[in-house]
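Student: Counting with this note's numbering, you get residues 15 to 403 for the letters of the sequence shown. Below you'll find the structure I mean.
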Amino acid sequence: MTRFTLPRDLYFGSGALNELKNLKDHKKAIVVSGGSSMEKFGFLSKVENILKKNRLEVMFFKGIEPDPSVDTVMKGAEKFKEFEPDVIIAIGGGSTIDAAKAMWVFYEHPEKTFDDIKDPFTIPKLRNKAIFVAIPSTSGTATEVTAFSVITDYSTKIKYPLADFEITPDIAILDTDIPQTMTPKLVAFTGMDALTHAIEAYVASNRSNFSDPLAREAILMIYDNIVDSYNGNVEARGEMHIAQCLAGMAFSNALLGITHSLAHKIGAQYNIPHGGCNAILLPYVIQFNSKISSNRYADLAYMLGLQGKSEKQLTHSLVESINYLNTNLNIPSTLKEMGVKEEIFKTTLDYISENAVLDPCTSSNPRKTSKEEMKKILECAYYGKQVTF
15 MTRFTLPRDL YFGSGALNEL KNLKDHKKAI VVSGGSSMEK FGFLSKVENI
65 LKKNRLEVMF FKGIEPDPSV DTVMKGAEKF KEFEPDVIIA IGGGSTIDAA
115 KAMWVFYEHP EKTFDDIKDP FTIPKLRNKA IFVAIPSTSG TATEVTAFSV
165 ITDYSTKIKY PLADFEITPD IAILDTDIPQ TMTPKLVAFT GMDALTHAIE
215 AYVASNRSNF SDPLAREAIL MIYDNIVDSY NGNVEARGEM HIAQCLAGMA
265 FSNALLGITH SLAHKIGAQY NIPHGGCNAI LLPYVIQFNS KISSNRYADL
315 AYMLGLQGKS EKQLTHSLVE SINYLNTNLN IPSTLKEMGV KEEIFKTTLD
365 YISENAVLDP CTSSNPRKTS KEEMKKILEC AYYGKQVTF
């Protein structure tokens with residue numbers, strides 16, 4: 015038996031933010047936001063106006079950092095307990111929504127510690143005190159429709175992907191006006207993050223007839239729109255916002271693979287944005303996984319109209335197409351080109367590989383992976399070598 019879970023309601027399109035009016039039967043809303051962009055472009059005030067017009071008391075918790083920490087989560091949970099909201103609204107990038115999800119857990123269950131919930135499917139029942147509304151400002155993580163939240167323990171420099179269907183938001187609002195504010199660099203990183211989600215979901219061990227169509231459609235939309243979105247095309251930005259959500263629906267249920275296992279670990283160690291890590295690693299991981307999943311990768315290449323007469327040729331074309339996208343998005347092809355110093359890379363290689371094996375995403379990778387194989391993949395991704403093992 016396999017489960018497939020999505021938010022109860024999803025509103026999308028230009029002006030979708032106005033659907034916050036449906037919260038009129040609630041009393042108190044806490045709004046969690048990250049940096050200044052949502053405030054600068056007037057989206058926070060719009061959220062506040064809609065809520066207050068519908069007679070909700072509103073409190074803001076601002077300033078979520080990129081790669082939110084356990085400390086930030088606990089501070090937010092304390093504010094939640096003081097205010098006692100019956101609806102939590104997270105508006106911003108993936109870090110903001112992820113942090114708010116974790117705050118929600120500790121608001122409802124203050125007796126729990128982070129260690130109690132960091133293993134997959136250990137989060138207790140939620141919605142005893144509040145429901146959760148997610149409004150993404152970027153087009154990549156799809157955390158607005160997923161059962162995941164990535165929180166960083168800076169004492170160990172490890173990112174922990176919390177995983178439980180309990181933290182799937184109740185309502186997702188994809189207002190396509192909001193991602194128009196993204197910088198080109200952010201468009202590139204988040205877009206490749208979304209592509210990685212879709213491709214990994216398509217080959218993951220928990221894939222199904224429900225997740226496959228979502229992954230395939232997301233991949234088609236991303237290939238059609240990511241470069242135009244990077245170059246500022248308004249319509250393409252809107253299409254990417256929908257595509258990343260479809261990818262999220264796919265991977266939240268099909269799960270992911272070792273591109274993410276490695277990205278979770280090197281991002282914190284080398285201070286590289288998550289989407290950038292995925293963009294660099296994805297071609298190397300496809301080469302590694304192709305030993306047993308070439309039929310699935312070939313299927314995607316054929317769908318995209320790439321060249322090749324055999325599964326091996328089609329898989330090679332898929333890898334080359336991803337490299338082509340990275341080039342057009344000004345994303346380096348190796349960790350070395352991304353600025354990771356060789357001395358630091360060598361001294362952290364064992365630690366990263368060991369923890370990547372333990373990452374929850376590793377178990378759903380189509381090919382079983384050892385610590386030594388993780389090391390070899392990382393070395394290929396650092397020096398730009400083909401994965402042939």
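We put the beta carbon where it would ideally sit given N, CA and C, even for glycine.
Please check the pair residue 147 and residue 185, which I expect to be a contact at CB under 8 angstroms, by giving their CB distance rounded to whole angstroms.
Tutor: As a position in the sequence shown, residue 147 is number 133, starting the count at 1. As a position in the sequence shown, residue 185 is number 171, starting the count at 1. Sure, about 4 angstroms apart at Cβ, within 8 angstroms.
Student: Can residue 276 and residue 391 be called in contact, C-beta distance under 8 angstroms?
Tutor: Translated into the one-based positions of the sequence shown, residue 276 becomes position 262. Translated into the one-based positions of the sequence shown, residue 391 becomes position 377. Contact flag set, yes.
Student: Quick check on the DSSP output: the beta strand (DSSP E) that includes residue 290 runs from which residue to which?
Tutor: Position 276 of the sequence shown, counted from the start, is the residue given in the question as residue 290. Unbroken run through residue 290 is the alpha helix (DSSP H), 288-317; no beta strand (DSSP E).
Student: Would DSSP call residue 189 helix, strand or coil?
Tutor: As a position in the sequence shown, residue 189 is number 175, starting the count at 1. In the structure shown, residue 189 sits in a strand (DSSP, three-state: E or B).
Student: Could you say if the stretch 287-301 and the stretch 248-265 meet the contact criterion of at least three C-beta pairs nearer than 8 angstroms?
Tutor: Touching, no, given that fewer than three Cβ pairs across the two stretches are closer than 8 angstroms.
Student: In whole angstroms, what is the alpha-carbon distance linking residue 197 and residue 293?
Tutor: Here the question's residue 197 lines up with position 183 in the sequence shown. Here the question's residue 293 lines up with position 279 in the sequence shown. Residue 197 and residue 293: Cα-Cα distance of roughly 17 angstroms.
Student: On the three-state DSSP scale, how would you describe residue 343?
Tutor: Residue 343 sits at position 329 when you count from the first residue of the sequence shown. In this structure, residue 343 counts as coil in the three-state DSSP scheme.
Student: Taking C-alpha atoms, which residue in 203, 225, 53 and 182 lies nearest to residue 287?
Tutor: Within the sequence shown, residue 287 is the residue found at index 273, counting from 1. Of the candidates 203, 225, 53 and 182, the one whose C-alpha sits nearest the C-alpha of residue 287 is 203.
Student: Give the secondary structure of residue 250 by DSSP, where H, G and I count as helix, E and B as strand, and everything else as coil.
Tutor: Along the sequence shown, one-based indexing puts residue 250 at 236. Here residue 250 sits in helix by DSSP.
Student: Which residues in the same chain have their Cβ closer than 8 angstroms to the Cβ of residue 162, if we skip the five residues on either side of it in sequence?
Tutor: On the sequence shown, position 148 is the one that residue 162 refers to. 112, 175, 176, 177, 181 and 266.
Student: Can you tell which of 354, 139 and 58 has the C-alpha that lies nearest to the C-alpha of residue 283?
Tutor: To locate residue 283, count along the sequence shown from 1; it is residue 269. For residue 283, the nearest C-alpha among the options comes from 354.
Student: Please specify which runs of the alpha helix (DSSP H), each continuous and at least 4 residues long, are wholly inside the stretch 35-90, giving them in chain order.
Tutor: DSSP runs (the alpha helix (DSSP H)) wholly in the stretch 35-90: 51-54 and 57-67.
Student: Where are the beta strand (DSSP E) runs, 3 residues long or more, that stay fully inside the stretch 82-154, in chain order?
Tutor: Taking only runs of at least 3 residues, the beta strand (DSSP E) segments lying wholly in the stretch 82-154 are 101-106 and 145-150.
Student: Which partner residues of residue 163 appear in the DSSP bridge assignment?
Tutor: Sequence index remark: in the sequence shown, residue 163 carries index 149 (1-based). 176, per the DSSP bridge assignment.
Student: Who are the Cβ neighbours of residue 190 in its own chain at under 8 angstroms, not counting the five residues just before and after it?
Tutor: Looking up residue 190 in the sequence shown gives position 176. These residues qualify, in order along the chain: 26, 27, 28, 30, 251, 252, 255 and 256.
Student: Sorted by chain position, which residues of the same chain lie with C-beta nearer than 7 angstroms to residue 221's C-beta, five sequence neighbours on each side aside?
Tutor: Here residue 221 refers to the residue found at position 207 of the sequence shown. Closer than 7 angstroms at Cβ, skipping near neighbours: 215 and 268.
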